[in-house]
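**Q** Numbering of the sequence shown is given in the numbering used here, commencing with residue 598 and proceeding in unit increments. For every residue, glycine included, the Cβ atom is placed at its ideal position computed from N, Cα and C.
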Amino acid sequence: MGRLCNRVLGLLLLIPSAVGVAQELAIEDAAVYTSPEAPLRRHMTIVIHQGVIADAGEHVRIPKGMQRISCQGCVVLAGFWNAHVHFMEPKWNDAAHLPAERLTRQLSEMLTHSGFTTVVDTGSEVENTVALRKRIESGEVFGPRIFTAGIPLYPAHALPFYLADVPADVKAKLGQPETAADAKALVDKNHAAGADILKLFTGSIVRPNQVTPMQVEIARAATEEEHKSGGLVFSHSSNMEGTKVAIDAGVDVLAHTPESVNGIDGVVLQRMVAQQMTIIPTLKLFSQDSDIAKIRGLDYQFRQLGGRLVYGTDTGFLADYDQSEEFRQLMAAGFTFRDVLDMLTTAPAALFHLSQHEGKVMPGMRGDLTVLSDDPASGRPETFNHVLYTIRGGVVIWQADRPTK
Ligand SMILES: [Zn+2]
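1) By DSSP's criteria, residue 757 is part of a beta bridge. Which residues make up the other side?
2) Contact between the segment 912–923 and the segment 792–801 is defined here as three or more beta-carbon pairs at a separation below 8 Å; is this criterion met?
3) Expressed to the nearest angstrom, what Euclidean distance is found between the alpha-carbon atoms of residue 841 and residue 685?
4) From residue 954 to residue 839, what distance separates their C-alpha atoms?
5) Using the C-alpha atoms, what's the distance from residue 652 back to residue 641?
6) What whole-angstrom Cβ distance do residue 876 and residue 849 have, given they're in contact under 8 Å?
7) Within the chosen definition, does the segment 957–966 reach the segment 673–683 through at least 3 CB pairs nearer than 8 Å?
8) My assumption, with CB atoms under 8 Å, is that residue 938 sits in contact with residue 973. Please give the rounded CB distance.
9) Straight-line CA distance for residue 827 to residue 792?
10) Using only the alpha-carbon positions, how far apart do residue 747 and residue 621 sit?
11) To the nearest angstrom, report how far apart residue 874 and residue 905 are at their CA atoms.
12) What's the call for residue 992, buried or exposed, on a 16-neighbour Cβ count within 10 Å?
13) With a floor of 3 residues, list each beta strand (DSSP E) that falls wholly inside the segment 634–663, ordered by position along the chain.
14) Can you name, in chain order, every residue of its own chain whose Cβ lies under 6 Å from the Cβ of residue 986, other than the five neighbours on each side?
15) Count Cβ pairs between the segment 644–651 and the segment 679–695 that sit closer than 8 Å; are there 3 or more?
16) Taking 6 Å as the limit between beta carbons, can you name the residues of its chain near residue 834, skipping five residues before and five after?
17) Using the Cα positions of residue 758 and residue 805, report the straight-line distance between them to the nearest angstrom.
18) Between the beta-carbon of residue 845 and the beta-carbon of residue 865, is there less than 7 Å?
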């Protein structure tokens, strides 16, 4: 874990500052959920100094000359994470050279308008995503913090059917290790290129209704290699067999709820909880499936058993970036707004071993905040979509033209 912390701390130092973006901000007269469990506190002032929350309370003095946001009627939460996105659409190509304003606009349309201050890219061309990240971290482009998996690994000769239209030169780059040694080499290559985590297809959907699992020895070798350098391992498991491979290989996160629910019972879920595995529901992706109620039920049962759920939607694979269906599905599953807030803030911070520095609104935490126009306690799922400001390290990286009420 120590190594992971070092990796992550390295990234923390990359808060935009290089071009002198002021990381000083005061938010006045706000209603605040300081954590998912806390009651709503009103008339709070939050002061962010050098990108970190310096003060938060009812009687806080704002230093002279500081930029102020008057927040009457709005609700402040810790910055949202989306732990399953992709920078794989052609519009991200050549991120090193695209105009900065264009990248900022694309990031706002895809992510920051929904309040995301951190995203986890679970598969894209690693050099390109690293170039995008570099331009965000320099302060030239306004965007979320990005963790990336780089190129995912697939079972040998078993690419998912939905990649059929991918150009041959891109296909050739997709990792399909045939041996444990191949797998380790691919993991190391991804890391050398700047990847932070690993994504495995432990169950690859080669045809609709047909899943080819990854050999467990290969999945285990890749996972162990990733863990050596301190990164987390995400898996697309698809069904019971792919989920068993993920469990046996020691994977950390299922990047989706398994969409084929057959055979995934309380015993399997309990094993995952015992191994401290996390599930990213991605329910919008499955919202048209006839089994959607059962898929939602798996997430609810997993949480009841003590499992950790982290918010993520496969945005960027899904070309429709709207988050409202995900919130609707989570609430239909039986989760409260506090459960959802945990999935958006404290749970991903814990998964990435960052709880000491972020996930809550209190002094000492990163100045990453998502500001809504409505109180999500209303229980209306769309409330989470009514974003007024997305603030990262004290910098407003997105703001609504007008109140979204
Ligand atoms: Zn995905």
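**A** According to the structure shown:
1) What you label residue 757 is simply residue 160 of the sequence shown in a count that begins at 1. According to DSSP, residue 757 bridges with nothing at all.
2) no
3) In the sequence shown, residue 841 corresponds to position 244, counting from 1. In the sequence shown, residue 685 corresponds to position 88, counting from 1. The alpha-carbon atoms of residue 841 and residue 685 are separated by roughly 28 Å.
4) Walking along the sequence shown from the start, residue 954 turns up at place 357. Walking along the sequence shown from the start, residue 839 turns up at place 242. Taking the straight line from one Cα to the other gives about 34 Å.
5) Start at 1 with the first residue of the sequence shown, and residue 641 comes out as number 44. Start at 1 with the first residue of the sequence shown, and residue 652 comes out as number 55. Distance between the alpha carbons of residue 641 and residue 652 is about 10 Å.
6) As a working mapping, residue 876 is identified with position 279 in the sequence shown. As a working mapping, residue 849 is identified with position 252 in the sequence shown. At roughly 11 Å, the Cβ-Cβ gap does not stay under 8 Å, so residue 876 and residue 849 are not in contact.
7) yes
8) Position 341 of the sequence shown holds residue 938. Position 376 of the sequence shown holds residue 973. Sure, about 7 Å apart at Cβ, within 8 Å.
9) Residue 827 sits at position 230 when you count from the first residue of the sequence shown. Residue 792 sits at position 195 when you count from the first residue of the sequence shown. Rounded to whole angstroms, residue 827 to residue 792 spans 11 Å at the Cα level.
10) Locating residue 747 in the sequence shown gives position 150, counting from the first residue. Locating residue 621 in the sequence shown gives position 24, counting from the first residue. The straight-line gap from Cα to Cα measures roughly 33 Å.
11) As a working mapping, residue 874 is identified with position 277 in the sequence shown. As a working mapping, residue 905 is identified with position 308 in the sequence shown. Computed Cα separation, rounded: 7 Å.
12) Residue numbering aside, residue 992 sits at position 395 when the sequence shown is read from its first letter. The residue is buried, with at least 16 neighbouring Cβ atoms inside 10 Å.
13) 638–646, 649–654
14) As a working note, residue 986 is residue 389 in the sequence shown. 968, 993, 996, listed in sequence order.
15) Between the segment 644–651 and the segment 679–695 there are fewer than three C-beta pairs closer than 8 Å, too few to call the two in contact.
16) In the sequence shown, counting from the first residue as 1, residue 834 sits at position 237. Answer for residue 834: 799, 800, 840, 843, 851, 855, listed in chain order.
17) For this step, residue 758 is matched to residue 161 along the sequence shown. For this step, residue 805 is matched to residue 208 along the sequence shown. If I take the Cα positions, the gap works out to 8 Å.
18) Working through the sequence shown from its first residue, we reach residue 845 at position 248. Working through the sequence shown from its first residue, we reach residue 865 at position 268. Cβ distance not < 7 Å, so residue 845 and residue 865 don't count as in contact.
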